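If you count by our numbering, then the sequence shown holds residues 239 to 1060, one letter each, in order. C-beta atoms are modelled at their ideal positions from N, C-alpha and C, and glycine is treated no differently. Treat the numbers as computed from the prediction; the structure is a model and nothing was measured.
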Amino acid sequence: MRVSTVNLESSGLVGYISPVLGNLSSLEVLDMSNNSFHGVIPDLGQKLSNLKELHLWGNQLIGPIPTSLGNCSKLKFLDLGLNNLNGSVPLQLGKLSSLQRLFLYDNFLTSSRDLPFLTALINCSSLKTLYLGYNHLAEDLSPSIGNLSTQLSVLSLQQNLIGGRIPQEIGNLTKLIMINFTGNALTGPIPSELKMLEDLERLYLGQNKLQGPIPWEIGDFSRSLGLLSLSFNQLSGQIPPTIGKLTQLRHLQLNNNKFNGTIPLSLGNCQLLELVDLSHNNLTGNIPREVAGLNNLQFYFNLSWNSLHGSLPAEITKLVMVQGIDLSGNQLSGEIPIGIGSCTNLEYLNLSHNKFEGPIPLSISRLQYLEIVDLSYNNKLSGKIPKREPFRNLTAPPFKVEPRLCGEGGFLYPGCPIAGSPGEAPEGSPGGLRDLHNLFKYMIYAIPSLVIYCLYIFFLYKYTFPKKNVEPSMQFPHPRISYKELSTATNGFDKANLLGVGSVGSVYKGVLDAGTLIAVKVLNLENEAAHKSFNTECQVLSKTRHRNIIKAITSCSNLDFKGLVFEFMANGNLERHLHCAGNCNFGDVCKMNLQTRLQIATDVARGLAYLHHDCSIQVVHCDLKPNNILLDFNMTTRIADFGNAQILSENSMISFSASTTLKGAPGYIAPEYGVGARISTKGDVYSYGILLLEMLTGKRPTHQMFADGLSLRMWVSMAFTDRISEVVDDSLFLCNGSFTNTTCSCLIQLIRVALLCSKDSPKDRPSMAEIVELLESIEDMFEGRTMDSIYQYDLYQMVNSKRWARDLALKDQSTSTFQSTS
């Protein structure tokens, strides 16, 4: 028997990897990723000469990378990331002439002088992706890096110990889309030869020791560059005005350098910017109106700790989506714009250490998500602190004590004076003893606030604003839980309790003192995306209440730890049931009969319809896939993992390109997102259609058979309807025995719905509310509540009345195909 594929991904396996696997001489794909295997990697490469893919990421493997892997001459994909491997990267990997993707990230790999393995990889002429981040690689980059494959599109060496200069020869790698050298010890200038990389989309050079100016040639990236991160270096000089030619730029991080001069007016040409951080530099002059009015900003706008002066442009009130504004530590003057309350998504506002004067705008009280607002250390701010939300519920004073400020409702401020009250002297009258009394009164109020403020400045300096992302206000069913309680509940986050590992964190099973089973999602705070993911998930889950949406019980959050506590889902995720890879018995397989799949599909549709149409906030999930569909003890469905979700509003102008902020899993992402379309609910509809096809066929959209232009949708569409039995999941026949006409009709209608949802054009897809109608009609037919002929007529009328289904053919083909097969 020839075995070509062994897929044990995410199967909960432990123990050693058996060298017996080496006897499977015909093996082409070996996937044992995301388990708990330990020990060393056996010398499989001695015998597996046909191996094309080896996936072992997400285990606990130790020891060196076997040199014998260099004998797997057909190997195209090697992923050993997220393990505990040590030693050097073997030079023998350079013999893999067919290698296209090499992932060795997050291990303990070391290197010798000039990183010789990079020179060895020159022979891998097909190499497209190289991920070596989060290791202990040291020494300097060799100029030979410029001789790597001309097909290389991703080069990631972040968070190592690499020093020396960035070789100018890197300009030879003209197909590069992403360079990530963050968190090393690189020195010298940014080479102007980077202008040769005309397709470069993301450039990460932050947290190094780079010096000199930004090359004026930066503008030559204008066609593609979407992310530029140069923060925490020693760069100097002026920010070149040519940066305004980067019209595709979405993230700009130049903070913590030595830049001087003014903010270039041309930056206002970068209308797609979502994040701007120029803080902790030596910038002077005014804030250009063109820059203050970048109304696509949605993360943060940070110009703090420079020497900017002049008034705050009124255009800043156009930042309706931005979550953080920090202009502290400058010399800005004048009044705070009265329309600042238009920035409705603000969570963090810091205007401290400036020269602002005049009244505090009452419009600030409309900012319902605001968590921190700091107006301290300004010259002449005066007036009443708003007593309405969000200030009423804040436990610490959001404004630092100022002599001219007064407040109401439990703040550490003097109450606002009442006209004619005892002890209130008319304006201009002598103070006398009253002034001395007030001095002591203000000292009593100020001292505790001063202590709070000093602690605040310390932590702000230590962790910096961009990494601190403020957690939104949450109203979960139970009080916050401590880290100690969570550690006890999970037995110290023991790996035996590990339920799964995701892109931004891990999930553990736990038991509270009361015996309640919980699932704890622990964010990996070393991943910058984890902060944003945590905040987004909190914001969504604190505002959603639905039977088919995962319920967050409480949270735990401090500077060193962030975790969310959920109800425990006894039946795990849908991925486990659809793709059990031979590790489940017959009973487990039959949990996923057609009736159960229909129930799950309908539950998911109802949950999405709630998010899109009925929730107090309109939410697009952006990452719908089987891993994020959870099942409780009776197989009731919960949609989970809202870390990538997007909250829409009537004024939303959200758009993005695939190169910078594309969200979702490969195979499930709507095609319009790949060409820069805005995030919309129709993107979730597409993902739902692919998910439904996967549930009915048992095939992932990323299955190796879908290549050379063939996709899961195309495969099903070509078989619909006369050869539909060829694509339906075999286990459906196994568990259902024989198919009745009603069952066959139900299955065909489900496939029709899936094909409708996954149409290429968003306008041709139904809404989730319409999908729920369709599925409920199919449920009625399946359970005998309607006759087939009546059902067919009703569905025909419903579908033909919709523009999105104008070309849908509803006439059934013969169902004999199913019956003969079963």
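- Ranking N422, T522, G579, N544 by CA distance to the CA of E553 puts G579 first.
- Of the other Cβ atoms in all chains shown, fewer than 16 fall within 10 Å of the Cβ of S854; this residue is therefore exposed.
- Distance between N446 and L750, taken at the CA atoms: about 44 Å.
- Straight across, the Cα-Cα distance linking G402 with N422 is about 10 Å.
- The beta carbon of K618 sits closer than 6 Å to the beta carbons of E595 from its chain, once the five residues preceding and following it are set aside; these are given in chain order.
- Counting the other Cβ atoms within 10 Å of the Cβ of H769 gives 16 or more, which makes it buried.
- Contact check for V991 against I1009 passes: the beta carbons are separated by less than 8 Å.
- Around L265, the same chain offers V241, S242, T243, V244, L259, L286, N288, L289 as residues with beta carbons nearer than 8 Å, after the five sequence neighbours per side are excluded.
- For E512, the three-state secondary structure derived from DSSP is coil.
- By the criterion of a C-beta distance shorter than 7 Å, T874 is surrounded in its chain by D841, once the five residues flanking it on both sides are discounted.
- Note on geometry: alpha-carbon atoms of N398 and S350 lie some 13 Å from one another.
- In the DSSP assignment, F1020 falls outside any beta strand (DSSP E) and lies within the alpha helix (DSSP H) extending over 1006-1020.
- Exposed is the label assigned to T412, since fewer than 16 other Cβ atoms lie within 10 Å of its Cβ.
- The Cβ neighbour count for K733, taken over all protein chains shown within 10 Å, is under 16; the residue is labelled exposed.
- For G426, same chain residues with a beta-carbon under 6 Å away, outside a window of 5 residues either side, are R403 in chain order.
- As summarised for the segment 743-820, the continuous beta strand (DSSP E) elements at least 3 residues long and confined to that stretch are 743-749, 755-761, 790-795, 800-805, given in chain order.
- Looking only at Y848, A843, H851, F880, the smallest Cα-Cα distance to D861 is reached by F880.
- About 7 Å separates the beta carbon of L395 from that of N418, a gap short enough to meet the 8 Å contact definition.
- Taking C-alpha positions only, K800 is separated from N786 by approximately 25 Å.
- Proximity of the segment 352-372 to the segment 289-304 falls short of the contact definition, fewer than three beta-carbon pairs being nearer than 8 Å.
- Distance between H276 and L313, taken at the CA atoms: about 23 Å.
- Counting the other CB atoms within 10 Å of its CB gives E1021 a total below 16, which places it among the exposed residues.
- If you draw a straight line from the Cα of Q833 to the Cα of V954, it is about 20 Å long.
- If the five residues before and after F539 are omitted, its C-beta is found closer than 6 Å to the C-beta atoms of V514, V560, I563, all from its own chain and listed in chain order.
- CA-to-CA, the gap between S326 and L365 works out to about 20 Å.
- Rounded to whole angstroms, the separation of the alpha carbons of I408 and T367 is 15 Å.
- D564 has N540, N588 as its beta-bridge partners, per DSSP.
- Note on T555: 16 or more other CB atoms within 10 angstroms of its CB, so buried under the neighbour-count rule.
- Counting along the chain, no alpha helix (DSSP H) covers T874, and no H or E run does either.
- Between S720 and N796, the alpha-carbon positions lie close to 9 Å from each other.
- Put simply, the backbone Cα of G927 is about 9 Å away from that of I989.
- When only Cα atoms are considered, M830 and N866 end up about 17 Å apart.
- In the structure shown, P381 falls within a helical segment according to DSSP collapsed to helix, strand and coil.
- Under DSSP, R403 shares a beta bridge with T425.
- A direct Cα-to-Cα measurement between A945 and Q338 gives close to 15 Å.
- Within the same chain, no Cβ atom closer than 7 Å to the Cβ of S741 is found once the five residues on either side in sequence are excluded.
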